[in-house]
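Note that the sequence shown covers residues 1 to 195 in UniProt numbering. Data block below; observations after.
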Amino acid sequence: MTDASDTEVTPEEQFDEPSARADAIISIVVGVAAVAFLLGSRQYVGVRTGSSDPGAAFWPRIVLVVILLATAVNLAKTYRRSDAALGASLLAFDGGLKRALPPYDSAETRKYLLSTVLIVGYLLVLTDLGFIVSSILFSALFVWLLGYRSVWRVGLFSVVTTVLIFVVFRNFMNIALPYGTGVFRSIGIFVEGLL
1 MTDASDTEVT
11 PEEQFDEPSA
21 RADAIISIVV
31 GVAAVAFLLG
41 SRQYVGVRTG
51 SSDPGAAFWP
61 RIVLVVILLA
71 TAVNLAKTYR
81 RSDAALGASL
91 LAFDGGLKRA
101 LPPYDSAETR
111 KYLLSTVLIV
121 GYLLVLTDLG
131 FIVSSILFSA
141 LFVWLLGYRS
151 VWRVGLFSVV
161 TTVLIFVVFR
171 NFMNIALPYG
181 TGVFRSIGIF
191 VEGLL
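Here it is as structure tokens:
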């Protein structure tokens, strides 16, 4: 007779192989989308606003190449940590993606869903609140969600990170970020004047 503790499956064992399959599927989808957008960016190669402008396709292409490199690294890591049969198991999809996801009542799933809601909310208010206000709020809430509870550190991190990103985009990449509308526009212009 077998003891129940001998047959228990740990969460790591339960999600190991299907997780590798899900990682590979997601990486392939992201890689294919990046290649499609990279090919689509060819139509913007000649669009420039001035002689010093690198062109409308420059930064999107840089980001897409970074995404492709990250996808390749993720696929290589996924392949290394799984068996050599991963490629065959991708073709014989048997609901592994569903088994790869943790239960919906887990704390990690709640964090994932809340972070997704935060990102969507950030994108929805970015134009109205402006980059500075919405990014400070977003980064503070996101860092809080990750478990950092020191209000002073979270606030300092949010402000410093937002200002650094704003300065890099405005001064080094010559990319204007949204100022917002109404009072938020005034805040954005005031902060820009300080920098």
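For every residue, glycine included, the Cβ atom is placed at its ideal position computed from N, Cα and C.
Measuring straight from C-alpha to C-alpha, what distance separates residue i and residue j?
{"i": "leucine 97", "j": "isoleucine 25", "result": "Reliability of the predicted coordinates at leucine 97 is poor, the pLDDT of 48 falling under 50, and the value obtained from them is presented with this limitation in mind. The alpha-carbon atoms of leucine 97 and isoleucine 25 are separated by roughly 9 Å."}
{"i": "phenylalanine 157", "j": "threonine 78", "result": "32 Å"}
{"i": "valine 65", "j": "phenylalanine 190", "result": "35 Å"}
{"i": "glutamate 108", "j": "glycine 46", "result": "45 Å"}
{"i": "methionine 173", "j": "leucine 195", "result": "15 Å"}
{"i": "isoleucine 62", "j": "glycine 182", "result": "34 Å"}
{"i": "glutamate 106", "j": "alanine 57", "result": "The question names glutamate, but residue 106 is serine in the sequence shown. The straight-line gap from Cα to Cα measures roughly 41 Å."}
{"i": "leucine 141", "j": "phenylalanine 166", "result": "19 Å"}
{"i": "asparagine 171", "j": "serine 82", "result": "45 Å"}
Please classify residue i: does DSSP put it in a helix, a strand, or coil?
{"i": "isoleucine 175", "result": "coil"}
{"i": "leucine 114", "result": "helix"}
{"i": "serine 52", "result": "coil"}
{"i": "arginine 149", "result": "coil"}
{"i": "valine 30", "result": "helix"}
{"i": "threonine 127", "result": "helix"}
{"i": "alanine 57", "result": "coil"}
{"i": "serine 82", "result": "coil"}
{"i": "serine 106", "result": "coil"}
{"i": "glycine 40", "result": "helix"}
Give every residue of the same chain whose Cβ lies closer than 7 Å to the Cβ of residue i, excluding the five residues on either side of it in the sequence, and list them in chain order.
{"i": "leucine 129", "result": "Gly180, Phe184"}
{"i": "lysine 111", "result": "Leu145"}
Enumerate in chain order the residues of its own chain whose CB-to-CB distance from residue i is below 8 Å, with the five nearest sequence positions on each side excluded.
{"i": "isoleucine 187", "result": "Gly130, Ile132, Val133, Gly180"}
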